[in-house]
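Protein sequences, first through last, are from chains A and B.
First residue of the first sequence? That's 1 in the working numbering, and the numbers climb one at a time after it.
First residue of the second sequence? That's 1001 in the working numbering, and the numbers climb one at a time after it.
The structure under discussion appears below in the form of structure tokens.
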Amino acid sequence: MGSLQLKSIRKAFGNHEVLKGIDLDVKDGEFVIFVGPSGCGKSTLLRVIAGLEDATSGSVQIDGQEVVTTPPAKRGIAMVFQSYALYPHLTVKDNMGLGLKQMGAPKAEVDAKVAKASSMLSLESYLARRPAELSGGQRQRVAIGRAIVREPKLFLFDEPLSNLDAALRVNTRLEIARLHRSLKATMIYVTHDQVEAMTLADKIVVLNAGQIEQIGSPMELYNRPANMFVGGFIGSPQMNFIEAGRLGDKEAKTVGIRPEHITLSRESGDWKGKVIHVEHLGADTILYLETEVTGLLTVRLFGEHKYDVDDVVYATPDKASMHRFGADDRVLR
Amino acid sequence: MSKARISPLRSGFVHLALAAYTVVALFPVVLTIVNSLKDKNAIFRTPLALPTAETFSLIGYTTVLKQGDFIGYFQNSLIVTVVSIFFALLFGAMAAFALSEYRFRGNTLLGLYLAIGIMIPIRLGTVAILQGMVAAGLVNTLTALILVYTAQGLPLAIFILSEFMRTVSDDLKNAGRIDGLSEYAIFFRLVLPLVRPAMATVAVFTMIPIWNDLWFPLILAPGEATKTVTLGSQVFIGQFVTNWNAVLAALSLAIFPVLILYVIFSRQLIRGITAGAVK
Chain A
1 MGSLQLKSIR
11 KAFGNHEVLK
21 GIDLDVKDGE
31 FVIFVGPSGC
41 GKSTLLRVIA
51 GLEDATSGSV
61 QIDGQEVVTT
71 PPAKRGIAMV
81 FQSYALYPHL
91 TVKDNMGLGL
101 KQMGAPKAEV
111 DAKVAKASSM
121 LSLESYLARR
131 PAELSGGQRQ
141 RVAIGRAIVR
151 EPKLFLFDEP
161 LSNLDAALRV
171 NTRLEIARLH
181 RSLKATMIYV
191 THDQVEAMTL
201 ADKIVVLNAG
211 QIEQIGSPME
221 LYNRPANMFV
231 GGFIGSPQMN
241 FIEAGRLGDK
251 EAKTVGIRPE
261 HITLSRESGD
271 WKGKVIHVEH
281 LGADTILYLE
291 TEVTGLLTVR
301 LFGEHKYDVD
311 DVVYATPDKA
321 SMHRFGADDR
331 VLR
Chain B
1001 MSKARISPLR
1011 SGFVHLALAA
1021 YTVVALFPVV
1031 LTIVNSLKDK
1041 NAIFRTPLAL
1051 PTAETFSLIG
1061 YTTVLKQGDF
1071 IGYFQNSLIV
1081 TVVSIFFALL
1091 FGAMAAFALS
1101 EYRFRGNTLL
1111 GLYLAIGIMI
1121 PIRLGTVAIL
1131 QGMVAAGLVN
1141 TLTALILVYT
1151 AQGLPLAIFI
1161 LSEFMRTVSD
1171 DLKNAGRIDG
1181 LSEYAIFFRL
1191 VLPLVRPAMA
1201 TVAVFTMIPI
1211 WNDLWFPLIL
1221 APGEATKTVT
1231 LGSQVFIGQF
1241 VTNWNAVLAA
1251 LSLAIFPVLI
1261 LYVIFSRQLI
1271 RGITAGAVK
């Protein structure tokens, strides 16, 4: 009912290649998130799926049907934009119903579907208002409602939370997760925020410079990054990268260890170092050490800890959680 | 609401400057209207005085309304102005939409080519235009004037509107595409309402020169049936004798329709601004 296959999608603007051959399979009902630094081509890829941008080459199949030549409105998709993109001169109700009206659905059906979607998003009391009279969070809910009303095979989200403040972002994130569970629809979501990616996705697609770096579930990416880019991109604070030679490892080029996989002691341990900065976050304490063996090292301790700048400490990595990367930056298994 | 404090002295100077400018701008208009209500001697003896019981006279207006078909001239002027603005805005907006929305080869070049008309006066082409109109059998028709004025208004319309249309959010247009709106529907129902303030600006800038133009009516449509107001008023200006009462009365009358059009457009302008933008 809502599967998607991409085969060697390429897209170039002039001489600049933005997408360099993307292959991807999305199963029905999956929540897939494209994540990557800005300029990696994730939004362009979403636009290619939506049909707003033509791929230079490659094939897009929705439910096994080739849609490369199908206009956006006939692809059975709905899209939620970062800037909400509500029609400013239409009421909330008309905003939500326009797509169905354009398809020629009878008025009663449009009304029923708008009523259902607005009750899901608790927007009933705003139906007669115009977008200018709504807050940012309400506008984004209307935009999501507009997508739901169309009952699409594929939901496409283009950084839908970027314009909201932090508290609203968490609420709307929950709302999207709840919607995905209740609608059981296929959703494709673009973001540069790894927290959104980790919390919402069934499957994360990490993109970098127009190529897929790795595809996997959030925990797969966290526990088994395929290369240094994914290792550094997923997880916060960032993974520590240490020259393998310094640790006496001749086979690997770089060794990665996450800040949370290091323990600290004042008495003894593998790497002796000095504290150069401490961040107390309440639930976590983040320490920046300068050690003799590894250089700058970030350590994340859970809970509150009393460490001060210039304290001498010993750091010990959890050997099982170390990632070894070869000369090509790919992980060594 | 807290406002930045402005010293009363400073705001006094600002108002003084504005008032002075208002006086300068309104002076010729008021002078025209005041003198159109006086008899001929009073116009020359005391041009700056208001009409008194002695000097008050409507002779100018009666002359204007009696001589020639002035109502007809007004009609011609209005038809030409309104229809020309309509077409200049319509085609200008369409061209601007194409230039700002679609990526195609030669886009920038075409935009420059269309804007060149702002710098080159259309009157340079008068001879060729006249020959063309004669060949097409359009001399002495309002169509000839409308065609010329539409062409005259297009460059500015395209230039201003394409800049404004670039500011309309792409997401909004894409949302329309996903909802199944055709490109025409996106243009007419999403983009045009959002650039309405710019349309009003263009309309005002296009309207004034058309209404006041004497050149093209004189050359392309001097016939009695197609005379515009500016051309019609010329009958009172002779080589040796000029009927000043009638000229002033005709000019005073000519101000009003254009004033009404201006009020309509400026209300659109304000409504467009207050309607609220995309976000």
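Ideal placement from N, C-alpha and C gives every residue a C-beta, glycine not left out.
When the five nearest sequence neighbours on each side are left out, the beta carbons in the same chain lying within less than 8 Å of the beta carbon of Thr1063 (chain B) are those of Phe1236, Asn1243, Asn1245, Ala1246 and Ala1249, in order along the chain. Taking C-alpha positions only, Ser125 (chain A) is separated from Met187 (chain A) by approximately 27 Å.
In this chain, the beta strand (DSSP E) harbouring Asp158 (chain A) covers Leu154 to Asp158.
The DSSP-derived three-state label of Gln140 (chain A) is helix. Pairwise C-beta distances place the stretch 1148 to 1165 of chain B in contact with the stretch 1091 to 1102 of chain B, as three or more of them are shorter than 8 Å.
Residues of chain B whose Cβ lies closer than 8 Å to the Cβ of Gly99 (chain A) are, in chain order, Ile1178, Asp1179 and Gly1180. Nearest CB-CB separation between Asn1035 (chain B) and chain A: not below the 8 Å threshold. Within chain A, the residues whose beta carbon sits less than 7 Å from that of Ser1169 (chain B) are Ser83 and Ala85, listed in sequence order. The beta carbon of Asn1107 (chain B) sits no closer than 8 Å to any beta carbon of chain A.
Assignment of beta-bridge partners to Arg324 (chain A) by DSSP yields A:Val255.
Per the Cβ contact rule, the stretch 56 to 64 of chain A is in contact with the stretch 10 to 23 of chain A (3 or more Cβ pairs under 8 Å).
At a Cβ-Cβ threshold of 8 Å, Asp202 (chain A) and Phe31 (chain A) count as neighbours. The way I'd put it, the stretch 60 to 69 of chain A doesn't touch the stretch 224 to 234 of chain A; fewer than three beta-carbon pairs between them come closer than 8 Å. One thing to note: Pro160 (chain A) has its Cβ no nearer than 8 Å to the Cβ of Pro131 (chain A). In this structure, Leu1231 (chain B) sits away from Leu1220 (chain B), with a CB-CB distance that is not shorter than 8 Å.
Taking the beta carbon of Met79 (chain A) as reference, the chain B residues within 8 Å of it are Asn1174, Ala1175 and Ile1178, listed in sequence order. One Cα belongs to Leu86 (chain A), the other to Ala128 (chain A), and the distance between them is close to 14 Å. By alpha-carbon distance to Leu200 (chain A), the top candidate from A:Val35, A:Lys7, A:Leu4 and A:Leu6 is A:Val35. Around Asn1212 (chain B), the same chain offers Thr1230 as residues with beta carbons nearer than 7 Å, after the five sequence neighbours per side are excluded.
At a cut-off of 8 Å between beta-carbon atoms, Gln140 (chain A) makes no contact with chain B. Check the Cα spacing between Ala143 (chain A) and each of A:Gly273, A:Arg47, A:Leu247 and A:Leu90: the tightest is with A:Leu90. For Val18 (chain A), same chain residues with a beta-carbon under 7 Å away, outside a window of 5 residues either side, are Lys11, Ala12, Gly41, Thr44 and Gly210 in chain order. What Leu1138 (chain B) touches in chain A, judged by beta-carbon distance under 9 Å, is nothing: the nearest beta carbon there is about 39 Å away. With fewer than 16 other Cβ atoms from the protein chains shown falling within 10 Å of its own Cβ, Gly1223 (chain B) counts as exposed.
Neighbours of Pro1197 (chain B) across chain A, judged by C-beta separation under 9 Å, do not exist; the nearest C-beta is about 13 Å away. Inclusion of Pro152 (chain A) and Ala78 (chain A) in the CB contact set at 8 Å is warranted, their separation being smaller than that value. In the structure shown, Ala78 (chain A) falls within a strand segment according to DSSP collapsed to helix, strand and coil.
For Asn208 (chain A), the enclosing beta strand (DSSP E) begins and ends at Lys203 to Asn208. Your pair Ala315 (chain A) and Asp284 (chain A) does not check out as a contact, with CB atoms roughly 16 Å apart and the cut at 8 Å. When DSSP states are grouped into helix, strand and coil, Ile1120 (chain B) belongs to the coil group. Not one beta carbon of chain B lies nearer than 8 Å to the beta carbon of Leu6 (chain A). Of all residues in the stretch 1193 to 1217 of chain B, the ones placed with a Cβ closer than 9 Å to any Cβ belonging to chain A are Pro1193 and Leu1194, in chain order.
Chain-ordered, the chain A residues with CB closer than 7 Å to the CB of Leu1190 (chain B) read Tyr87. At a beta-carbon threshold of 7 Å, the residues of chain B lying near Ala73 (chain A) are Arg1177, Ile1178, Asp1179 and Gly1180, ordered along the chain. Runs of the beta strand (DSSP E) spanning 3 or more residues and lying entirely within the stretch 215 to 267 of chain A occur at 240 to 243, 254 to 257 and 262 to 265, in chain order. A Cβ-Cβ contact shorter than 8 Å links Asn227 (chain A) with Glu213 (chain A).
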